[in-house]
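Note sheet for the following structure.
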Amino acid sequence: MAKGDEPESSKKADESSGLILKDKSSGATWALPTPTKAEGKVPAQPTAVIVLPRSSNTQSLTVLDNRTNKLYEIPIENNTIPALKFKEITADPAPGAREEDESSKGLRVYDPAFQNTAVAQSKITYINGDTGVLRYRGYPIEQLAEKSTYIEVAYLLIYGELPSKQQYQNFFNEVMHHTFVHFNVTELMRNFNYDAHPMGLFISGIAAMSTFHPDANPALAGSDLFTRDEKVLNKQIFRLLGKTPTLAAMAYRHRIGRTYNPPQNNLSYTENFLYMLDRLSEENYKPNPKLAKALDVLFILHADHELNCSTAAMRHIGSSLVDPYSAIAGASAALYGPLHGGANEAVLRMLEEIGSADKVPRFLEEVKQRKRKLFGFGHRVYKNYDPRAKIIRNIAYEVFDVCGRESLIDVAVVLEKAALEDEYFVKRKLYPNVDFYSGLIYKAMGFPTDMFPVLFAIPRVAGWLAHWKESLESKDAKIWRPRQVYVGPNVRSYIPLDLREEEKDHDANKFVDPFSTKFSKRSLVATFDNKKSVSKL
Ligand code: CMC
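Just so it is clear: in the sequence shown, position 467 is 483 by this note's numbering, and no numbers are missing.
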């Protein structure tokens, strides 16, 4: 400890517990504050000097619990501390503590929204949010986007290495031979409302797939199914990579009232997807290779992003050992939200609403006044330009060459520049993320706005599967079960409804909505049994 760095407590030695800590190397001393006890009275203690034990292990943390004056040594590995070690730090409940106080059961780490908690060790994806670095299995995203294909990247993410030629061919063949879905899934997709959001269809289609593959259901085939039988595990990987574009294409065709095109296994992964979306009755239909390539690059960029909201959901759901279809349906639902994969849709709607570059300053003002959110900006991990956004911005112009310029790009460019120069965004390190430009490309390609999250979900299946496989094989595999801090009421006795009094500040009409008429005008003037009691509701 440097001179003059003594904690505040040393200046109030007379209020101290009588315990003095001495730093062995510098000789600096400081007094411990008076500990509080459950009974409220603190017994006087003789002055004692504790020489801080300097552990020979420099990769550790020495923690002093001021409640008990006990010291603990917590190991540091990979710049993390094991949260379970904190469970060893126990104390008597503080005076007046709630009955539910769990101090005696060990210290908990409170981290709402997992802002600083690592929940898995992973070898899949590395992000350096400060410098804007993204690597899959060690390979820079820029190199993969330029030189690889989505299917090769999927192999890399899931199996850990780039495939040999033969491995690649076998993997590609397997995926493309699992592109057909059961006829009844087709029927299910047909039965949604004509204007159902395609993400709802996609999620439902994947969830339904669990019922068509009983061989992949741990409920039927045993909870250790996927760790026992690698072939079964791989088959689900092929099926999910193969069938998700088919479901996505169905979600799209359903909206426009067109029959579904069967998959074409002689095309590339993204060509086949575009074929299923667009072919009417043409013979030998082949999608534009530049668009298929652009989509492939977009798929590479979206394939994984370590423990984002949906991938964490995948690991969480998968930890119960449920089948991967149910888990991917859950992960897709997490992706759907506007703060995550639904942001590309939200960006486009936001740009359309802004409308022209001259309206940008007013919009940004509203963002700063917290009336609006600038979608496509900000990230939990990136505090620099998202490297994916840079690549996407360049692809946008390549797509415009083929499909024509998307005029909203002008609004986006002005908006980006204005935000990057604005103190509000600079101070908070808010930069464009992957969703800022992707929607413009999708729009230029002619996709309807509500298909955008589906276009994010298809490639993310590779990442979800990679994390699912890794978590099943992990030495730390265990059901995910976070802890809570209970701050609700203490125990209380049930009072029967008849004996309960109306509280003064209680809104008795909370659930009565005079505008939600349950009956049509005609029913209100009709007669039927129990009409009085029902229409009062
Ligand atoms: N517009 C305006 N203010 C923002 C934005 C934004 N897009 N993002 C963050 N902020 C502000 C936020 O209000 C807060 O300010 P203050 O400290 O004064 O309260 C500060 O920046 C820190 O933000 P945060 O909400 O604590 O950050 P977070 O890590 O919890 O949230 C985020 C990350 C991505 C949800 C958030 O930045 C956001 O809502 N962005 C817009 C939605 C979006 O584009 N999502 C796509 C994410 S990238 C692709 C993906 O993973 O799906």
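Heads up, the beta-carbon is just placed ideally off N, CA and C, and yes, glycines get one too. Note that this is a predicted model, so its numbers are computed, not measured.
Helix, strand or coil at residue i according to DSSP, with G and I counted as helix
i: PHE527; result: coil
i: GLU93; result: strand
i: ALA472; result: The residue you asked about is not Ala; residue 472 is Phe in the sequence shown. DSSP places PHE472 in helix when its eight states are reduced to three.
i: ASN546; result: coil
i: THR465; result: helix
i: ASN410; result: helix
i: PRO142; result: Just to set this straight, residue 142 is Tyr in the shown sequence, not Pro. Note: TYR142 maps to strand in three-state DSSP.
i: SER76; result: strand
i: THR165; result: coil
i: LEU513; result: helix
i: PRO377; result: helix
i: ALA482; result: helix
i: THR133; result: coil
i: PRO403; result: helix
i: ARG331; result: helix
i: TYR453; result: helix
i: ALA113; result: coil
i: ASP294; result: helix
i: ARG206; result: helix
i: SER536; result: coil
i: GLN280; result: coil
i: LEU307; result: helix
i: HIS318; result: helix
i: GLU104; result: helix
i: VAL541; result: coil
i: ASN565; result: This structure cannot settle anything about residue 565, because the visible part of the chain is limited to 17 through 553.
i: SER336; result: coil
i: VAL427; result: helix
For residue i: DSSP bridge partner residues
i: TYR155; result: TYR152
i: LYS86; result: ASP81
i: PRO448; result: PHE393
Local Cβ density within 10 Å of residue i, reported as buried at 16 or more and exposed below that
i: ARG476; result: buried
i: PRO214; result: buried
i: ARG255; result: buried
i: ASN449; result: buried
i: ARG444; result: exposed
i: SER536; result: exposed
i: LYS485; result: buried
i: THR7; result: Shown here, the chain extends from 17 to 553; a query on residue 7 therefore has no answer.
i: GLN185; result: exposed
i: PRO261; result: buried
i: GLY10; result: Residue 10 lies beyond the residue range present for the chain, which begins at 17 and ends at 553; the question has no answer from this structure.
i: ARG271; result: buried
i: ASN506; result: exposed
i: LYS259; result: buried
i: PHE379; result: buried
i: GLN131; result: exposed
i: THR147; result: exposed
Note down, one range per segment and in chain order, each alpha helix (DSSP H) of at least 4 residues found wholly within the segment 212 to 277. DSSP runs (the alpha helix (DSSP H)) wholly in the segment 212 to 277: 214 to 228, 234 to 237, 241 to 244 and 246 to 271.
Could you tell me which uninterrupted alpha helix (DSSP H) segments, each at least 4 residues in length, are contained entirely in the segment 340 to 373, listed from first to last along the chain? For the segment 340 to 373, whole alpha helix (DSSP H) runs of length 4 or above, ordered along the chain, are 340 to 352 and 359 to 370.
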